[in-house]
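Trainee:
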């Protein structure tokens, strides 16, 4: 398992830190699995994929697409899921010379920007639309992610869009810190990573 590299790191530019995660999307009969790669500086969705299985292949394809389209980040963060710890996925990161960072188990806040993305996707689109099938979901999410990147303003970006911030290299950023870290460590508790500087929506 790889260490978590982002605590205390100030994200000051696009393509400094990317991260990825998988979420479940309900369909009329069963589930689909959605993976995305997001840039931490601009909150921009760089690539995404749907699958009807949790095999690692769709995550690897998503990563490869992001690298082809946008180059290489300095650090790539994921959780410790089997898809992201697989030899196929970590092999791409090592091949590209990308530093690998992984969350502690059960620490969703270590990957907070993807968690916030999932909340937006589900409450602004999936739960409203109630997609019946994988092809229908594919069409719907294609439209939603285009809207999310190019039209949806983010409070944490000064009400700019992810596209505008990613392309200009200004107006974004983040810093992950451990709030109350000293007190919690003295109590022997697991520390919780949080975002410094206000809302991340």
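Numbering (UniProt numbering), first residue to last: 1 to 201.
Glycine residues also receive a C-beta, built at the ideal position from the N, C-alpha and C atoms.
Only a predicted model underlies this, so the values are computations on that prediction, with no experimental measurement involved.
1. Rounded to whole angstroms, what's the CA-CA distance from residue 163 to residue 48? Just pull it up for me.
2. Residue 19 and residue 76 look like a contact to me (Cβ under 8 Å); what is the Cβ gap, rounded to whole Å?
3. State yes or no: is the C-beta of residue 166 within less than 8 Å of the C-beta of residue 103?
4. When you compare each of 57, 71, 24 and 38 to residue 148 by their alpha carbons, which one comes out closest?
5. Looking only at C-alpha atoms, which of 131, 127 and 83 sits nearest to residue 54?
6. Going by DSSP, which residues form a beta bridge with residue 22?
7. Unbroken beta strand (DSSP E) runs of length 3 or more, entirely within the stretch 61-122: which are they?
8. When the Cα atoms are used, what is the spatial distance from residue 8 to residue 126?
9. What separation, rounded to the nearest whole angstrom, lies between the Cα atoms of residue 44 and residue 154?
Mentor: In this structure, then:
1. Here residue 163 corresponds to residue number 163 of the chain shown, with the count starting at 1. Here residue 48 corresponds to residue number 48 of the chain shown, with the count starting at 1. Cα-Cα distance, rounded: 16 Å.
2. Start at 1 with the first residue of the chain shown, and residue 19 comes out as number 19. Start at 1 with the first residue of the chain shown, and residue 76 comes out as number 76. Indeed, because the Cβ distance is near 7 Å, the residues count as touching under 8 Å.
3. The sequence position of residue 166 within the chain shown is 166, counting from 1. The sequence position of residue 103 within the chain shown is 103, counting from 1. For residue 166 and residue 103, no; Cβs fall outside 8 Å.
4. The count along the chain shown starts at 1 and reaches residue 148 at position 148. Out of 57, 71, 24 and 38, 38 has the C-alpha closest to the C-alpha of residue 148.
5. Taking the chain shown and counting its residues from 1, one reaches residue 54 at position 54. The shortest C-alpha separation from residue 54 is found at 83.
6. Here residue 22 is taken as the residue at index 22 of the chain shown, counted from 1. Answer by DSSP bridge pairing, in chain order: 35.
7. DSSP runs (the beta strand (DSSP E)) wholly in the stretch 61-122: 75-78 and 99-102.
8. Position 8 of the chain shown, counting from 1, holds the residue named residue 8. Position 126 of the chain shown, counting from 1, holds the residue named residue 126. Cα to Cα, the separation comes out at about 34 Å.
9. Numbered from 1 along the chain shown, position 44 holds the residue referred to as residue 44. Numbered from 1 along the chain shown, position 154 holds the residue referred to as residue 154. Between residue 44 and residue 154, the C-alpha separation is close to 11 Å.
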